[in-house]
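Going by our numbering, the first residue of the sequence shown is number 130, and it counts up by one from there. Ideal placement from N, C-alpha and C gives every residue a C-beta, glycine not left out. The structure presented is a predicted model; accordingly, all values stated were derived computationally and were not measured. Below you'll find the structure, written out as structure tokens, and then a few comments.
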Amino acid sequence: MKCDHCNNEAKVILDNSNNLCMDCYNKILSEEYGCECFNEFTREIVISEPDGTIHTFEIEQMLLGKYTYWRAYEEGGYEFALRVDTESNQKVAVKRLHQKILKGISAKSMQIGQSQPGQISNAVYRGNLEYNLNETGLLRIEDDADGKIYIYMDGIKLTGEEFLKMLTVYNGFNMEWRFLDIADDVDMPLKLSITKDRMEEYWQKFESMIMRFAEHGSFVSYKRSADLSEEIFEYLDILEELIRHGNGEDAVELGERIINRLKGLETDDDCFPIYEIESVERILER
Ligand SMILES: [Zn+2]
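Below, the structure is given as structure tokens:
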């Protein structure tokens, strides 16, 4: 089905008759609501995990009047979403969605091991990898056109039978559960899978963020310090998660590197980066 206005694939049917692609739909709705149409975002992002697994996400925006819904969808795998006020800065929303993807991919619901000869009855196998259920986790339920139900966990599609099989590792336990809107933030303790490589990756991310704002890699003008500060605080959310659920020692090392880098910056801003450094220190103290 093609969009009535352009040649893109139609995804929305408006007023039961107009077939529209997401962009044309958002354009029409933003005109109707008298808000600015935000169109400058990357439609596809690719994220690679330290083990080499590649995830390709399609990014989609949908205006729903007062709210705007952001969705990142991986074919046959992960899905993340965010609901924000339409009036709010959508650039920030896109960044938050990216953060949510990174955080979501880092937090695992299953433990991966190399499969051994003679398979364990309550693990699930993909290729030469063995997956075991963690004590806490997150999953998404979907059914296909035939009504067959699938579970998506850590970006992996499992059958209902496979999921039940994994549950048997907790035979004799009680299980409690709750459901969250996909756009909500997850606040349950998910195990972050952090390796040394991953920490280095996080450091590189921080360094490239500083390099984008600092002249000659060392001077941050007061004109740019507020924008940099905003990005630093988004980044610190992840640092906090790493310390809370990942490998604490490595995360502390990362935190100290960040503090030293910030202390070494020159600036003509009276406040920056005092508060930022204090915030990292506060996270490390916990
Ligand atoms: Zn269109």
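Residue i burial status per 10 Å Cβ neighbour count (16 or more: buried)
i: Asp214; result: exposed
i: Phe209; result: buried
i: Ile234; result: buried
i: Glu405; result: buried
i: Arg373; result: exposed
i: Ile183; result: exposed
Ligand 1 heavy atom lying under 8 Å from the CB of residue i
i: Asn137; result: yes
i: His134; result: yes
i: Asp214; result: no
i: Cys164; result: no
i: Phe149; result: Note that residue 149 corresponds to Leu in the displayed sequence, not to Phe. Yes, the beta carbon of Leu149 sits closer than 8 Å to at least one heavy atom of ligand 1.
i: Cys400; result: no
i: Asp152; result: yes
Whole-angstrom distance between residue j and residue i, CA atom to CA atom
i: Gly346; j: Gly384; result: 19 Å
i: Glu178; j: Asn257; result: 17 Å
i: Ser358; j: Lys156; result: 32 Å
i: Glu216; j: Glu291; result: 43 Å
i: Thr197; j: His227; result: 16 Å
i: Tyr254; j: Tyr207; result: 18 Å
i: Thr288; j: Lys277; result: 9 Å
Beta carbon of residue i nearer than 9 Å to that of residue j
i: Ile249; j: Asn263; result: no
i: Ile230; j: Ile174; result: yes
i: Leu309; j: Gly266; result: no
i: Gly205; j: Lys294; result: no
i: Ser408; j: Leu365; result: yes
i: Ser354; j: Pro402; result: yes
i: Ile339; j: Leu394; result: yes
i: Glu363; j: Ile388; result: no
i: Asp379; j: Lys325; result: yes
Rounded distance between the beta-carbons of residue j and residue i, thought under 8 Å
i: Ile361; j: Lys232; result: Wrong, their Cβ atoms sit about 16 Å apart, outside the cutoff.
i: Asp152; j: Asn136; result: Rounded, the Cβ-Cβ distance is 11 Å, inconsistent with contact.
i: Leu296; j: Ile280; result: Wrong, their Cβ atoms sit about 11 Å apart, outside the cutoff.
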